[in-house]
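Colleague: Got a structure for you, questions after.
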Amino acid sequence: MTSVPGPPTWSIGTWPFDATTAMITLHSAHRPDFSITESLVDEWADATSVGSFQRVRTSAVGPAVADALLAHGFTVRQELDFLVRQLDADDDTGRGHRAWRIGAVRRSDAVRIDVAAFGDEWALDHAAFDNSCRATLRFRTRGVRRRSALPFSQPVGYCLTGVSEDSSYLQRLAVSPTERRRGAAGSLVDDALSWAHRLGARRMYVNTDVDNAAALSLYRRWGFESVGYHLRVMECDRAVLSGRRSP
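In structure tokens:
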């Protein structure tokens, strides 16, 4: 019996901190075999034809989708390395970090850290943060503080981890610029691996900009390896996209 995949599911929103950019979130588009049709791009043209949008930008998509969008007038806005790590029993308990304390984090603190780490163009706002939390069946957010800090001090970093069935995703990891390269990020990765394995995940995925040498070095130290292809954030001027629907 052959399984026939259903039509791609997608949603439209506003790019964080930029009301002139429409954000198309294409679900499961990170898979290398995921493809789209011309009619789907026409749907995007219709959906973004109202309002004040000047451009359309996608979530990160795999190579097949990216190639299809290039043929429809899109360009590559960001290129991301896509990495994976297998999980095993050694990840179950975590390794502990004497200098850092992991605990709960409020959404407002997570967004504050995200903006400081990534800047307005690539940071999450509150709506995007909530959408990221809903992207998987289960999720957890964690903040990191120095062990020497007061109990109610603000966290200096956070991570958002999601789990769906036997796969997990390090969806977001950010550390305040003043606290980088001191072990905070590593403690968050360790905590995420431990939690995901306890929930039954067999692997963890993460993506990061191909030019982010520090992040790539961190993930490789923790055993992540490239899956063999990149993800791309694609962008198109709305006038070009709308022109597809002109008679």
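Numbering (the numbering used here), first residue to last: 28 to 274. For glycine and all other residues, C-beta sits at the position ideal for the given N, C-alpha and C. These numbers were taken from a predicted model, which means no experiment stands behind them.
Who are the Cβ neighbours of Pro-32 in its own chain at under 7 Å, not counting the five residues just before and after it?
Modeller: Only weak support exists for where Pro-32 lies, its pLDDT of 49 falling under 50; the value from the coordinates is given anyway. Within the same chain, Pro-32 has no close Cβ partners at all.
Colleague: Indicate whether Val-254 and Phe-166 have their beta-carbon atoms separated by less than 9 Å.
Modeller: No, these two residues do not count as a Cβ contact at 9 Å.
Colleague: Under three-state DSSP, which class holds His-54?
Modeller: Three-state result, His-54: coil.
Colleague: CB-CB under 7 Å to Phe-156, same chain, minus the five flanking residues each way: which ones, in chain order?
Modeller: Excluding positions up to five away in sequence, the list reads Arg-134, Ala-137 and Val-138.
Colleague: Please report the Cβ distance between Thr-168 and Trp-222, rounded to the nearest whole angstrom; I am assuming they are in contact, meaning their Cβ atoms lie under 8 Å.
Modeller: Actually they do not touch by this definition, with Cβ atoms about 11 Å apart.
Colleague: Can you tell me which of the three DSSP states Phe-61 falls into?
Modeller: In the structure shown, Phe-61 sits in coil (DSSP, three-state: anything other than H, G, I, E or B).
Colleague: Quick one: measure Cβ to Cβ for Ile-1 and Asp-218, integer angstroms, because I've assumed they're closer than 8 Å.
Modeller: Shown here, the chain extends from 28 to 274; a query on residue 1 therefore has no answer.
Colleague: Does the distance between the C-beta of Phe-166 and the nearest non-hydrogen atom of the ligand COA fall short of 8 Å?
Modeller: In terms of ligand content, the structure shown is empty, and the ligand COA therefore cannot be addressed.
Colleague: Between Val-237 and Leu-107, which are expected to be in contact by the criterion C-beta below 8 Å, what is the C-beta distance as a whole number of angstroms?
Modeller: Confirmed, about 7 Å.
Colleague: How would you label Val-27, buried or exposed, when you count the other beta carbons within 10 angstroms and need 16 or more for buried?
Modeller: Only positions 28 to 274 of the chain appear in the structure, and residue 27 is not among them; the question remains open.
Colleague: DSSP on Asp-193, reduced to helix/strand/coil?
Modeller: The answer is coil: DSSP assigns Asp-193 none of H, G, I, E or B.
Colleague: Between which two residues does the alpha helix (DSSP H) containing Phe-156 stretch?
Modeller: Start and end: 153-160.
Colleague: Identify, in the order they occur along the chain, each residue of the same chain with its Cβ nearer than 8 Å to the Cβ of Glu-42, setting aside the five sequence neighbours on each side.
Modeller: The amino acid at residue 42 is misidentified as Glu; the sequence shows Trp. Thr-48, Ala-49, Met-50 and Arg-84, listed in sequence order.
Colleague: Does the beta-carbon distance from Gly-210 to Trp-249 come in below 9 Å?
Modeller: No, the Cβ-Cβ distance between Gly-210 and Trp-249 is not below 9 Å.
Colleague: Could you please give me the residues that DSSP links to Asp-264 through a beta bridge?
Modeller: DSSP output for Asp-264 lists Arg-82 as bridge partner(s).
Colleague: Tell me, which residues are paired with Asn-239 by DSSP?
Modeller: Its beta-bridge partners do not exist; DSSP assigns none.
Colleague: Sorted by chain position, which residues of the same chain lie with C-beta nearer than 7 Å to Thr-163's C-beta, five sequence neighbours on each side aside?
Modeller: Cβ within range, chain order: Gly-189, Val-190, Ser-191 and Tyr-196.
Colleague: Between which two residues does the alpha helix (DSSP H) containing Arg-225 stretch?
Modeller: Arg-225 -> alpha helix (DSSP H) spans 211-225.
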